[in-house]
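The structure under discussion appears below in the form of structure tokens.
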Ligand code: SAJ
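Numbering (the working numbering), first residue to last: 5 to 424.
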């Protein structure tokens with residue numbers, strides 16, 4: 005089996021790097037996205053997202069003619085679907101992007117094609133995708149009805165790359181390959197071997213779906229443990245960062261780091277896919293989500309207390325003149341991604357509740373999100389350090405780490421990341 009042309013549906017944080025890596029192996033890649041701006045940007049050899057080195061590899065792939073983007077699916081030998089899977093109200097998974105993507109590729113499918121779902125999905129989604137394809141193209145045969153004899157091979161191969169390290173992890177990580185049949189797995193493994201240096205391990209589609217949800221739930225539960233510890237330590241007047249450093253010297257203890265809450269479009273979302281299917285059984289997973297989701301409110305209370313303490317201490321201070329600076333509004337360090345960012349939500353909540361100015365230091369963006377009210381200003385680190393009365397460290401960007409040991413004379417600090 006050979007793959008002359010690969011199509012990647014969804015050119016976001018996962019789809020674009022994947023498309024570019026295939027193209028860098030001199031395979032013709034057609035990237036498909038509904039966003040015309042993203043398509044135009046990529047066709048100019050540029051990128052619409054920030055990820056280290058992605059600009060270089062996309063530029064080379066487009067210039068050499070291996071990568072091209074379009075809004076309309078075209079025939080290919082393999083289709084990789086990498087579209088978002090958010091949730092709707094009450095944490096119910098929203099599969100509408102996968103449904104739309106499946107229906108959009110159906111007209112160009114032909115016998116022998118491989119269709120891979122990469123999007124993180126609730127258990128059963130790959131089978132659902134196969135059903136949508138079968139409904140749209142009844143002239144072809146599928147694994148759910150024709151087993152190993154099917155015209156179309158279908159698998160779930162969840163992405164597992166860490167934003168900020170995507171290009172390295174895409175190549176080096178092991179890959180779980182969940183085919184609807186063994187032949188579906190084998191075809192998918194052959195495809196990924198084009199660039200994956202890690203091991204490609206075959207399993208069923210349902211196990212692969214659950215494996216991805218399990219990985220992110222594991223991390224969520226462990227971050228919740230750290231966040232709960234930070235609240236307990238604050239009450240007991242213990243430095244949680246020192247506590248974790250000490251506890252981690254035990255050979256079998258490895259506690260993660262507390263923060264202002266868990267953000268991003270993966271860890272804060274995926275555990276709900278388990279909870280929504282097994283609400284009675286997934287007690288720990290649900291509680292971890294609740295602990296992490298409630299952390300921003302706790303941080304807000306800390307900032308409010310700092311404002312009150314500052315005004316009390318500086319009797320002449322007028323609350324309207326108190327400047328609160330938020331260091332970082334992305335969902336984690338050294339990226340520009342603000343999706344589901346607890347730091348952004350905290351900054352926005354202070355801006356709405358505080359009558360004075362809120363200054364934001366965010367070295368990874370050029371423009372503030374339009375959702376922020378007019379009392380918010382994007383300022384430099386130096387400006388914020390000079391003018392702010394209250395400083396809240398919300399993201400541990402590398403650029404902030406040099407502030408360790410800094411003298412914040414007269415300023416009130418809320419350090420959610422253990423920076424200073
Ligand atoms: N966080 C903490 N403390 C920690 C680690 C993380 O508060 O010790 C916070 C971060 O600040 C951030 C959130 O958790 O707000 C998530 O960050 P992350 O770096 O843990 O994960 P993501 O969302 O960038 O990527 C995760 C990864 N999953 C795992 O490590 C198990 C990645 O491998 C997945 O591919 C990705 O989700 C995904 O796409 O599902």
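Beta carbons: idealized from backbone N, C-alpha and C, even for Gly.
May I ask you to list the residues that DSSP assigns as paired with residue 419? Under DSSP, residue 419 takes part in a beta bridge, and its partners are 397.
Regarding residue 237 and the ligand GDP, is the C-beta to nearest heavy atom distance less than 7 Å? The ligand GDP is not part of this structure, which contains only the ligand SAJ.
Within 8 Å, strictly: CB atoms of residue 280 and residue 96: Yes, the pair counts as a contact, with Cβ atoms nearer than the cut-off.
Can you tell which of 302, 194 and 222 has the C-alpha that lies nearest to the C-alpha of residue 236? Its Cα nearest to that of residue 236, the residue 302 stands out among 302, 194 and 222.
Sufficient close CB pairs (3 or more, under 8 Å) joining the segment 380 to 395 to the segment 281 to 297: No, because fewer than three Cβ pairs between the segment 380 to 395 and the segment 281 to 297 fall closer than 8 Å, the two stretches do not touch.
Could you tell me if the beta carbon of residue 367 falls within a distance shorter than 7 Å of some heavy atom in the ligand SAJ? The answer is no for residue 367.
Please tell me whether residue 337 and residue 399 are closer than 8 Å, where the distance is taken between their beta carbons. Yes; because the gap between Cβ atoms is below 8 Å, this pair is in contact.
With DSSP as the reference, please indicate the residues paired to residue 331 in a beta bridge. 365 and 397, per the DSSP bridge assignment.
What is the residue span of the alpha helix (DSSP H) that residue 446 lies within? Residue coverage of the chain in this structure runs from 5 to 424, which leaves residue 446 outside it and unanswerable.
Per DSSP, which residues does residue 13 bridge with? Please list them. Answer is 36 and 85.
Determine the extent of the alpha helix (DSSP H) in which residue 115 is found, giving its start and end residues. From DSSP, residue 115 is part of no alpha helix (DSSP H); its letter is neither H nor E.
Using CA atoms only, rank isn't needed, just tell me which of 113, 166 and 202 is closest to residue 158. For residue 158, the nearest C-alpha among the options comes from 113.
Classify residue 135 as helix, strand or coil using the three-state DSSP reduction. The DSSP-derived three-state label of residue 135 is helix.
Bounding residues of the alpha helix (DSSP H) (the contiguous stretch that carries residue 72): In the DSSP annotation of this structure, residue 72 is not part of any alpha helix (DSSP H); the continuous beta strand (DSSP E) holding it starts and ends at 71 to 74.
Closer than 6 Å by C-beta to residue 347: which residues in its own chain qualify, once you throw out the five before and the five after it? Chain order, please. Counting only residues of its own chain and dropping the five nearest sequence neighbours on each side, residue 347 has a CB closer than 6 Å to the CB of 264, 332, 333, 398 and 399.
DSSP three-state label for residue 160, please. Of the three classes helix, strand and coil, the one that applies to residue 160 here is strand, per DSSP.
Report buried or exposed for residue 126, applying the criterion of at least 16 other Cβ atoms within 10 angstroms of its Cβ. It counts as buried.
Option nearest residue 19 by Cα separation, candidates 83, 198 and 70: Distances from the CA of residue 19 to each of 83, 198 and 70 were compared; the closest alpha carbon is that of 83.
CA-CA distance, residue 117 and residue 218? In a straight line, the C-alpha of residue 117 is about 29 Å away from that of residue 218.
Is the Cβ-Cβ distance between residue 141 and residue 110 less than 8 Å? In this structure, residue 141 lies near residue 110, with their beta-carbon atoms less than 8 Å apart.
Residue 46 and residue 85: beta carbons closer than 8 Å? Not in contact: residue 46 and residue 85 (Cβ atoms no closer than 8 Å).
Residues that residue 255 bridges to, as DSSP identifies them: Beta-bridge pairing links residue 255 to no other residue.
Could you pull out every residue in the same chain whose Cβ sits closer than 6 Å to the Cβ of residue 138, ignoring the five residues on either side in sequence? Hits under 6 Å: 146.
Could you have a look at residue 126 and say whether DSSP puts it in helix, strand or coil? In this structure, DSSP gives residue 126 a state outside helix and strand, which the three-state scheme calls coil.
Taking C-beta to C-beta, are residue 43 and residue 70 nearer than 8 Å? No, they are not a contact pair.
Taking just the CA atoms, how far does residue 315 sit from residue 322? Their Cα atoms are separated by approximately 7 Å.
Give the secondary structure of residue 182 by DSSP, where H, G and I count as helix, E and B as strand, and everything else as coil. Residue state, collapsed to three classes: strand.
Going straight from the alpha carbon of residue 188 to that of residue 133, what length do you get? Answer to the nearest angstrom: the Cα atoms are 14 Å apart.
Cα-Cα separation, residue 150 to residue 129: Taking the straight line from one Cα to the other gives about 19 Å.
Classification of residue 418 by the beta-carbon crowding that lies within 10 angstroms, buried from 16 upward: When all chains shown are included, residue 418 counts as buried.
Find out if the Cβ-Cβ distance for the pair residue 215, residue 180 is shorter than 8 Å. Their beta carbons are under 8 Å apart, which means residue 215 touches residue 180 by this criterion.
Whose CA, out of 414, 161 and 152, lies closest to the CA of residue 192? Of 414, 161 and 152, the residue nearest in Cα terms is 161.
Who are residue 204's beta bridge partners in DSSP? 179.
How about residue 174 and residue 25: do their beta carbons lie closer than 8 Å? Yes, the Cβ-Cβ distance between residue 174 and residue 25 is below 8 Å.
Would you check if the distance between the CB atom of residue 225 and the CB atom of residue 288 is smaller than 8 Å? Yes.
Write down the C-beta distance between residue 262 and residue 234 rounded to the nearest angstrom, noting that I regard them as a contact closer than 8 Å. Contact holds; Cβ gap of about 4 Å.
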